[in-house]
Amino acid sequence: MKAKTSENSQKGNTSELLQKWQYAIRICHKAHIRSAAHMNRRHRVLGIVVVILSTIVGTSVFATLDSSPKTWVKILVGFLSVAAAVFAGLQTFLNYSEKEEMHRVASQKYGALRREIEEFLVLPKGMNDNPEDFLINIRSRWDAIDNDSPSLSQKLYDKIAKGIRTESLRREKNN
Numbered sequence: 002m003k004a005k006t007s008e009n010s011q012k013g014n015t016s017e018l019l020q021k022w023q024y025a026i027r028i029c030h031k032a033h034i035r036s037a038a039h040m041n042r043r044h045r046v047l048g049i050v051v052v053i054l055s056t057i058v059g060t061s062v063f064a065t066l067d068s069s070p071k072t073w074v075k076i077l078v079g080f081l082s083v084a085a086a087v088f089a090g091l092q093t094f095l096n097y098s099e100k101e102e103m104h105r106v107a108s109q110k111y112g113a114l115r116r117e118i119e120e121f122l123v124l125p126k127g128m129n130d131n132p133e134d135f136l137i138n139i140r141s142r143w144d145a146i147d148n149d150s151p152s153l154s155q156k157l158y159d160k161i162a163k164g165i166r167t168e169s170l171r172r173e174k175n176n
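Yeah, the sequence shown ends on 176 if you go by my numbering, and it's all consecutive.
Below you can see the structure in the form of structure tokens.
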């Protein structure tokens, strides 16, 4: 009888640990989704600025081919030309599209890991006989995902964590 109690206690500890891990992984999952969307927005905004500036410069150059533009027009077109080049350089240097993809891949990996934990937690006791192996597997994969993923800002992590806590409290209150 004592072995059964120890086994149930161990299963309870495993479940508690997995729930904590699930919470942390869920934060990372959502934060990487949000970071990917943020990088996508930055990439598009920078791209739009480059296109608009380049179009204005190109149009201005062609519009003034037959005339002798005023000095301020030449200076403005020159400034816009330099600004377009600077923004194009920033777009290349900052590489928001690659960062977006890295966050998207990280979110998918964290999501898969989170779903595996959720599945394990709802399985009947006889179906998850070897929790130690499961914990080792999850921990090593989580470590690998952490190592391969781009970093998240602490501010974003905290904001997502607060949102998840609020959501959990609301669910508990409604149940």
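In this text, a Cβ means the ideal position worked out from N, Cα and C, and glycines have one as well. These figures come from a predicted structure and were not determined experimentally.
Short Cβ contact (8 Å threshold) for residue i with residue j
| i | j | result |
| --- | --- | --- |
| valine 58 | phenylalanine 88 | no |
| asparagine 41 | glutamate 101 | yes |
| leucine 136 | glutamine 92 | no |
| leucine 122 | serine 16 | yes |
| isoleucine 28 | isoleucine 161 | yes |
| leucine 54 | leucine 95 | no |
| tyrosine 97 | arginine 166 | no |
Per-residue burial, residue i [other beta carbons within 10 Å of its own, 16 or more giving buried]
| i | result |
| --- | --- |
| glutamine 23 | buried |
| leucine 124 | exposed |
| glycine 164 | exposed |
| valine 1 | With the chain covering 2 to 176 only, the question about residue 1 has no answer from this structure. |
| serine 141 | exposed |
For residue i, the three-state DSSP class (helix, strand or coil)
| i | result |
| --- | --- |
| proline 125 | coil |
| threonine 65 | coil |
| proline 70 | coil |
| serine 150 | coil |
| asparagine 41 | helix |
| aspartate 159 | helix |
| aspartate 1 | Given a span of 2 to 176 for the chain in the structure shown, any question on residue 1 remains unanswerable. |
Three Cβ pairs or more, each shorter than 8 Å: is that satisfied between the region 27–43 and the region 107–115? yes
Is the region 144–161 touching the region 58–70, taking contact as three or more C-beta pairs under 8 Å? no
Report yes or no: do the region 90–110 and the region 61–80 share at least 3 C-beta pairs separated by less than 8 Å? no
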